[in-house]
Amino acid sequence: MRFINLIVVHCSATRCDRCYTEHDLTTDHLRRGFSGAGYHFYIRKNGDIKSLRPLSLPGAHVRGWNAGSIGVCYEGGLDECGRPADTRTLFQKHSLHVLVLLLLKDYPGSRLCGHRDLSPDLNHIRGVNHFVCKACGS
982 MRFINLIVVH
992 CSATRCDRCY
1002 TEHDLTTDHL
1012 RRGFSGAGYH
1022 FYIRKNGDIK
1032 SLRPLSLPGA
1042 HVRGWNAGSI
1052 GVCYEGGLDE
1062 CGRPADTRTL
1072 FQKHSLHVLV
1082 LLLLKDYPGS
1092 RLCGHRDLSP
1102 DLNHIRGVNH
1112 FVCKACGS
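Per the working numbering, the sequence shown starts with residue 982, numbered consecutively.
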């Protein structure tokens, strides 16, 4: 069993007015050279939680942190014009809440964070939060 100490929430960085299924996500990750979807769970706009990768396997969702983390991604993250936005539906918010509570119960002491909280400071500007460079709000 893997040691888990981190639950990382991502968005798919896709427009809220377009459908992006778990099959689309998996296909995109395969095209990028992954062995499958990089996330363990994917939450569709209707709140459905899709299991994409066994928890026994490390994810491929945040470089340098995959070994001890679980990746959860929700569909969306960009508005109709492609700008970063919190596009989570009420169904997604509910499902995310329930899923995170269950994971925190199963992995006590784990920390919850967004992908942006673990990203490197790509703009190298001191005093500016590292997530400013990220397109996705998660």
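Every residue gets a Cβ at the ideal spot worked out from N, C-alpha and C, and that includes glycine.
Identity of the residue in the options nearest residue i by Cα
| i | options | result |
| --- | --- | --- |
| Arg-923 | Leu-1083, Gly-1058, Gln-1073 and Val-1081 | Because the chain is modelled from 982 through 1119, residue 923 falls outside the range shown and cannot be assessed. |
| Trp-1046 | Gly-1095, Thr-995 and Arg-996 | Gly-1095 |
| Arg-1044 | Ser-1037, Cys-1062 and Asp-1098 | Asp-1098 |
| Gly-1040 | Gly-1028, Ile-1030, His-1010 and His-1078 | His-1010 |
| Arg-1034 | Gln-1073, Leu-1083 and His-1042 | His-1042 |
| Phe-984 | Tyr-1020, Ser-1037, Gly-1014 and Asp-1005 | Ser-1037 |
| Thr-1002 | Met-982, Pro-1089, Cys-1062 and Ser-1032 | Ser-1032 |
| Ala-1048 | Gly-1019, Ile-1024 and Asp-1005 | Gly-1019 |
| Asp-1067 | Arg-1012, His-1004 and Thr-995 | Thr-995 |
| Arg-1069 | Ile-1024, Arg-1012 and Gly-1063 | Ile-1024 |
| Leu-1071 | His-1004, Gly-1017 and Val-1079 | Val-1079 |
Cβ-Cβ separation, residue j to residue i (assumed contact under 8 Å), whole Å
| i | j | result |
| --- | --- | --- |
| Ser-1076 | Leu-987 | At roughly 20 Å, the Cβ-Cβ gap does not stay under 8 Å, so Ser-1076 and Leu-987 are not in contact. |
| Tyr-1055 | Cys-997 | About 11 Å separates the two Cβ atoms, so there is no contact after all. |
| Val-1053 | Phe-1022 | 5 Å |
| Leu-1082 | Ser-1091 | About 12 Å separates the two Cβ atoms, so there is no contact after all. |
| Thr-1007 | Gly-1017 | 6 Å |
Any non-hydrogen atom of the ligand FMN closer than 7 Å to residue i Cβ
| i | result |
| --- | --- |
| Thr-995 | In terms of ligand content, the structure shown is empty, and the ligand FMN therefore cannot be addressed. |
Beta-bridge pairing of residue i - partner residues as DSSP gives them
| i | result |
| --- | --- |
| Leu-1137 | The chain is shown only over 982 to 1119; residue 1137 falls outside these bounds and no answer can be derived. |
| Cys-992 | Tyr-1055 |
Min CB distance residue i to chain C below 8 Å
| i | result |
| --- | --- |
| Cys-1094 | Of the protein chains in this structure there is only one, and it is not chain C. |
Threshold first: 4 residues or longer. Then list the alpha helix (DSSP H) segments lying entirely within the segment 1052-1094, N to C.
1071-1087
Those runs of the alpha helix (DSSP H) which lie wholly inside the segment 999-1031 and span at least 4 residues
1003-1012
Does the contact criterion of 3 or more C-beta pairs under 8 Å hold for the segment 1060-1077 versus the segment 1020-1035?
yes
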